[in-house]
Every structure is written in structure tokens, then in C-alpha cells.
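> As they're listed, the protein sequences go chains L and P.
Take 1 as the starting number for the first sequence in this note's numbering and just add one per residue.
Take 325 as the starting number for the second sequence in this note's numbering and just add one per residue.
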Amino acid sequence: MDFLLIPRKEEEIEKEQDVIIIGGGPAGLTAGIYTGRARLKTLLIEESSIGGLASLTATIENYPGFPEGITGKELSRRLEEQAKKFGTKILDAKVLSLTLDGIWKIVETTKGIYRAPSVIICSGTKPKKLGIPGEREFLGKGVSYCAVCDGAFFIGKKVAVVGGGDAAVEEALYLTHFAEEVYIIHRRDELRAEKITQEKAFSNPKIKFLWSHIVKKIEGDKKVERLILEDLKTKEEKIFPVDGVFIYIGLTPQTELYSSLLKLDENGFIITDENMQTSVPGIFAAGDVRVKSLRQIVTALSDGAIAGVSATKYLEEIKFKGGI
Amino acid sequence: MALLRDEDRKYLENLFKENLKDKVKIILFSEKSSGSKLYIPGRIECPYCQQTREILEEVVSLSELLELEVHDFLAEEILAKKYGIDKIPAILFQKDDEVLNLRFFGIPSGYEFSTLIEDIVDISRGETHLSEKTKNFLKTLTKPVHIQVFVTPTCPYCPRAVRLAHQMAMENKLITADMIEAIEFPHLAEKYQVSGVPKSIINETVEVEGAVPEDIFVEYVKSAIKA
Ligand SMILES: Cc1cc2nc3c(=O)[nH]c(=O)nc-3n(C[C@H](O)[C@H](O)[C@H](O)COP(=O)(O)OP(=O)(O)OC[C@H]3O[C@@H](n4cnc5c(N)ncnc54)[C@H](O)[C@@H]3O)c2cc1C
Chain L
1 MDFLLIPRKE EEIEKEQDVI IIGGGPAGLT AGIYTGRARL KTLLIEESSI
51 GGLASLTATI ENYPGFPEGI TGKELSRRLE EQAKKFGTKI LDAKVLSLTL
101 DGIWKIVETT KGIYRAPSVI ICSGTKPKKL GIPGEREFLG KGVSYCAVCD
151 GAFFIGKKVA VVGGGDAAVE EALYLTHFAE EVYIIHRRDE LRAEKITQEK
201 AFSNPKIKFL WSHIVKKIEG DKKVERLILE DLKTKEEKIF PVDGVFIYIG
251 LTPQTELYSS LLKLDENGFI ITDENMQTSV PGIFAAGDVR VKSLRQIVTA
301 LSDGAIAGVS ATKYLEEIKF KGGI
Chain P
325 MALLRDEDRK YLENLFKENL KDKVKIILFS EKSSGSKLYI PGRIECPYCQ
375 QTREILEEVV SLSELLELEV HDFLAEEILA KKYGIDKIPA ILFQKDDEVL
425 NLRFFGIPSG YEFSTLIEDI VDISRGETHL SEKTKNFLKT LTKPVHIQVF
475 VTPTCPYCPR AVRLAHQMAM ENKLITADMI EAIEFPHLAE KYQVSGVPKS
525 IINETVEVEG AVPEDIFVEY VKSAIKA
């Protein structure tokens, strides 16, 4: 037996909170651990799967303290348990808007409106799209952004992974458990992934590389059958038959909701100071969603901890008397 | 052998104690001697039947309101037909002598285990978490709707899609909603061109890729009815 995931309990949730956390990835869950321990009434809102991108990662090998590695779902489960243990409540809903009303931050969700003087945005990122013909059309028909979800459909088949960063190379390695051949298609002639991950990929007989190539089109009849590639060096176009293509070309911050409220950088990431404070007092941001140099679980956790403490201090400063 | 860890067992025991109201019978269609390594000619392969049974046995042991009934798919062909069971393992639910139109085909493990538990709670309580708008729409149905949701146990987004379909089936008997574990039924995955999950097929005509919000899924159901 692999594992059995235990469901969350539906809870009674008060409309007025001390802290509202948007997003239940590693950053949000850690912020919840810290505000919960500070005895602040905390609501965490997650629209999709608890654990965020970490729950989509097969094995995490670089998370300190786990020399044998830990699976994404196990880490997510543990973080969730820990956040709940200290009183953080979890709402299964999508946040639709964030507005201000005096000291209150108003959070509108698909399951009602909640408010708190302090909000921590941990909404992370979503996979960047290639934006090429066929990408949308063949979603679920050979185009995927989730190797753990869909890898098993490609047993004995030939797949391509587009990208050259950590996520691309790690997921290419994961896909070798299923696929017969895994081609990493990268627009540069070297990888950006960690050296140790690169070494594994180079020595894996199932992984092959197409350097300095970009994907121009995804084609097929009812499902993906081939890619149209361009060799950036020779400008030549080629037809490349594949059964599936996994796209890991980077991340787009999920910040559309906050673009008029908060200062963002030119790529849409939220600008914060080192205390995770955004341009609006009482609103903090943590994890992959903010401007930073390393987007990893360990730094998401660190951001979450700092944001939790900053929110606690903020509530003390404005002498807000909520609490549980 | 206990599949659940001690703490999870206690958690579920408590969850059932606090939330279950009425009795629910879980019906499993399986193969008789599943688990045996002997090759018996004519017997269908069911690599996950044994594990599915173990999971269900453990779940029903956690509450007095739950009961498990196991049937042999081949030997009890007539009964299987009556319930529309054409593949195994298949899980159905019975409450107050009525067998509901929501089913699991394939093992409810991984993320789908949580779907199983949440379904049991809803069935026992006789309530769903669908919006009033959705419930009102479901009341207007006049024709049968069949929803098949393809999943893999490692897909974190999939329970959302299955739960939605299953709750719709709880609200209106004209809806039949099936979870199908895609890897166990490759012929179906092939037939419906599934190579990404979740994917829902409504009335054999409308395809829904991904876990879409409730109101959008309802629109797909409407378009399947019109088609
Ligand atoms: C394939 C892959 C492999 C990776 N491997 C590793 C690795 O080996 N080691 C490592 O350290 N890192 C790894 N990472 C990076 C790591 O997963 C991220 O850095 C980390 O998950 C960031 O955490 P986060 O909490 O900031 O954001 P996320 O994990 O992205 O979580 C954000 C959450 O917010 C939710 N959300 C967003 N908007 C809303 C809204 N409006 N309403 C409600 N909820 C919302 C989302 O649903 C999501 O669950 C990997 C990433 C990928 C994609």
C-alpha cells in the first residue's frame, strides 16, 4: 500500500479572524504554525490541494534534515497536521478578492466573506505555459504540467520534458520510472538544475537531450503525436514524434488579485521587505509569490515563519484585541 | 494487516463518531479468491481486488454504523448486472435498502481514499455540500446523466472532481457518477483518450479536462443534456 490520504474535517469558521492566510503550500502552512502558536485566530484558505506545488513533487531530496528524502505528499501532510495542531483552521475555497476597509482586510471567497486585520499572501505560482499552438488543445491528451498525476499513462512510451531548471530535470528523472525514453528539450546548451540532479540525468540511460531547441507546435490527431521543434543554432525546423510532453519552463506568480493593491515587480511577483511586509501595512507575502532569489521549499518555510511573526507583531502594534 | 497508521485510525474513528448518522452498507464486487497466487483459467485479472477489500474491511471496522458486503463478480453475474457492474474492483453504497448511483471502479487509495471517506460521511448524513444553485438545477433533470471521472491515486486535484460528480449523484438518482482509476482500466483510458487526469466524460459525449469549479461543471452537464 502506497498511502491513504485522510480527509480534512469541515469546520465551523468565524467570519472575523486575526490572521487570514491565502494559500496552503509550504509557506502558508508554516505561517499558520507560527500564528497558531502565537494564539492568533488563524484561517488558511486553499482552493486546490494542501501542500501546494510541494504536493506535486514526487521526492524532495534537498529538504534539510531528511537525508533519505521525503515525498511531497508526506511533507504536506505533516505540515498540515502541525498547522492544525496549533489551531489554524483550513477552508477549502478560492479567494476571489482582497480589499481594505479601515484596519480590516476583507477577503472574499467562493464560500463567503471573511475579514482580519492581517493577511499573509502565500499564493505561490502556477506553471508557465509555452503559449504555442496545440498546448491548450491537447491538455490531458498528452500535454501535462503534473508528472506525478499523469506519468503512469506513459509506460513504455516516449515523452518530452520542456525546460532545463530543477523542476524539469527532477520530473524527467521521475518520468523514467514509466517512460522508455525521456527527451529533455532545452533552449540553452546547458542545464540550470542543481549539479547533483544534472549528474543523475546525464547518467540515466533513458534520458536524452535536445540542446538549443525550442518547441514551436504540438500536433496530433486526437492526442499528442509529434512536436515541431526549431534548432536555434541552425534555424532548422524538425518533426519530433512523442506520445506526451511535460512542460516545466518556469513559474508565473498568482498575483492577479493583488495587482492594484500591492507593489509588484515587472514579472508580477510581490515586493516585500525582509520582514515579508508588502506595500500595504498588515498585508504580508511569503514563499514563491514574492520577489526572491531562491524558490524552494526550505525558503518558503523560512518566509512563512517570518511572515507569521511579522503578522503577530503587527497585531500587537495596532493593539488589536482578537485572539482565541 | 493494518493499512492505516494508529493516529489516522483514531482520527477516522473519531470523525465517524462525530459525523455519521445513519447506517451505510458498502458493497464490493471483487473476485472470490483474490490474493491467491494460483492461476485459475477463466478468472479475470484483478490485481487490486485484494487491497481494495483490505482497505474497506479496515474502514468498516472503524464504526458500528458501517458494514461491508462482498460479492464475487463472476459467480454473482446477475447481481452484478442488476447494479450495472462491468469491471472490478467496484464499490457501491447502500442506505435504507437503496443502492446509490455512485461508484468507485478501481482501488480507492492515495488521494482517493479521502474521497471514499467523505462520500461515506455525506451518504450517512444524507446531505451534500453542493451550492443551492446546483441543487436547484439538479432537481430539474428529466433524463439520465452518466458521469465518469478518470483519476490516478497520485493526483492531488482528482478528489475534487470525483466528489463533485458523486455529490451530484447523491442529490438526484438520475445521475450515475463513477470514479475510474485510469491505470487499472487501460482499455477505458484508451477508449476515452485519457492521458491526463482528472478527466470527466459526461454521457459519452462531453469531455471535461481538469478539476473545474462547480458552476462550470454544471454548465458541462447542461451541454451534455442538450447534445
Ligand atoms: C515539479 C517541481 C519540483 C520541485 N522540487 C522541489 C524540490 O525538490 N525541493 C524544493 O525545495 N523545492 C522544489 N520545488 C519548489 C517548491 O515546490 C516551491 O518552492 C514551494 O512549493 C513554494 O511554496 P509556496 O507555499 O510559496 O507556494 P505553492 O507551493 O505554490 O502553494 C501556493 C498555494 O496557494 C494556493 N492558492 C493560490 N491562489 C489562491 C486563491 N486565490 N485562493 C486559494 N488558494 C490559492 C494554490 O492552490 C497553492 O496550493 C519544486 C517545484 C516544482 C513545480
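Glycine included, every Cβ here is placed at the ideal spot set by N, Cα and C.
Quick caveat: nothing in here was measured; it's all calculated off a predicted structure.
1. Looking only at its own chain, which residues have a Cβ that is under 8 Å from the Cβ of S358 (chain P), when we skip the five neighbours before and after it?
2. Where does R295 (chain L) fall in DSSP's three states?
3. Given that V148 (chain L) touches chain P, what residues does it touch there, using C-beta distances under 9 Å?
4. Give me the residue from P:G520, P:L386, P:L344 with the minimum Cα distance to R333 (chain P).
5. Hey, I522 (chain P) and A485 (chain P) are a contact pair by Cβ (cut 8 Å); roughly how many whole angstroms apart?
6. CA-CA distance, A501 (chain P) and I249 (chain L)?
7. Roughly how many angstroms lie between the CA atoms of G105 (chain L) and T458 (chain P), to the nearest whole one?
8. Compute the distance between the beta-carbons of A54 (chain L) and G304 (chain L), then report whether it is under 8 Å.
9. Considering only heavy atoms of ligand 1, does any lie closer than 7 Å to the CB of C122 (chain L)?
10. By alpha-carbon positions, which one of P:V545, P:L336, P:I350 ends up nearest to P468 (chain P)?
11. In chain L, which residues lie less than 7 Å from K523 (chain P) when you measure between Cβ atoms?
12. Helix, strand or coil for M503 (chain P)? Go by DSSP, reduced to three states.
13. How about A38 (chain L) and T312 (chain L): are their beta carbons less than 8 Å apart?
14. Which residues of the stretch 441–457 of chain P have a Cβ closer than 7 Å to any Cβ of chain L? Give them in chain order.
15. Look up L403 (chain P) in the DSSP assignment and say whether it is helix, strand or coil.
16. Could you tell me the alpha carbon to alpha carbon distance between L130 (chain L) and E80 (chain L), rounded to whole angstroms?
17. Would you say K222 (chain L) lies against chain P (beta-carbon separation less than 8 Å)?
18. So, using beta-carbon positions, are I13 (chain L) and L96 (chain L) closer together than 8 Å?
19. Could you round the C-beta distance between V215 (chain L) and T255 (chain L) to whole angstroms and report it? I think they count as a contact, below 8 Å.
20. To the nearest angstrom, how far is it from the Cα of G134 (chain L) to the Cα of H511 (chain P)?
21. Could you check whether S547 (chain P) and L5 (chain L) sit closer than 8 Å to each other, using their CB atoms as the reference points?
22. Should L294 (chain L) go down as buried or exposed, given a rule of 16 or more other Cβ atoms within 10 Å for buried?
23. Residues in the same chain with beta-carbon distance under 8 Å from V107 (chain L), minus the five sequence neighbours each way, listed in chain order, please.
24. Note down the Cα distance separating H177 (chain L) from R449 (chain P), rounded to an integer number of angstroms.
25. Which bits of chain P does P7 (chain L) rub up against, with CB to CB less than 7 Å?
26. Looking only at its chain, what residues have a beta carbon closer than 6 Å to the beta carbon of G220 (chain L), apart from the 5 residues adjacent to it on each side?
27. So, is the C-beta of E495 (chain P) closer than 8 Å to a C-beta in chain L?
28. Does any CB atom of chain L fall closer than 8 Å to the CB of S433 (chain P)?
29. Give me, in chain order, the residues of the same chain whose beta-carbon lies closer than 7 Å to that of D150 (chain L); leave out the 5 immediate sequence neighbours on both sides.
30. Can you tell me which of the three DSSP states L336 (chain P) falls into?
31. Could you give the uninterrupted runs of the beta strand (DSSP E) lying entirely in the stretch 170–230 of chain L, keeping only those of 3 residues or more?
32. Nearest chain P C-beta to L4 (chain L) closer than 8 Å, yes or no?
33. For ligand 2, is there any heavy atom lying closer than 7 Å to the beta carbon of V95 (chain L)?
34. Quick check for students: name the residue ranges of the beta strand (DSSP E) that lie wholly in the stretch 235–259 of chain L, counting only runs of 3 or more.
35. Relative to the C-alpha of I402 (chain P), which residue among P:D420, P:F353, P:I444, P:K341 is closest?
36. Closer than 7 Å to a non-hydrogen atom of ligand 1 - does that hold for the CB of S48 (chain L)?
With the given structure in hand:
1. Below a pLDDT of 50, predicted positions are generally treated as unreliable, and S358 (chain P), at 49, falls in that range; the measurement from the model is reported next regardless. Taken in chain order, the residues that qualify are C370, C373, Q374, R377.
2. coil
3. T476, T478, C479, P480
4. P:L386
5. The residue you asked about is not Ile; residue 522 (chain P) is Pro in the sequence shown. With a Cβ gap of about 4 Å, P522 (chain P) and A485 (chain P) count as contacting.
6. 36 Å
7. The sequence shown places Lys at residue 105 (chain L), not Gly. Each residue's alpha carbon lies about 30 Å from the other.
8. no
9. yes
10. P:V545
11. G140
12. strand
13. yes
14. I441, E442
15. helix
16. 33 Å
17. yes
18. no
19. That pair is no contact at about 27 Å.
20. 25 Å
21. no
22. exposed
23. I20, I22, I45, V95, S97, L98, I113, Y114, R115, A116, V119
24. 42 Å
25. S438, I441, E442
26. none
27. no
28. yes
29. S144
30. helix
31. 181–185, 207–210, 213–220
32. yes
33. Absence of ligand 2 is noted for the structure shown, with ligand 1 being the only ligands found.
34. 237–241, 244–247, 251–253
35. P:F353
36. yes
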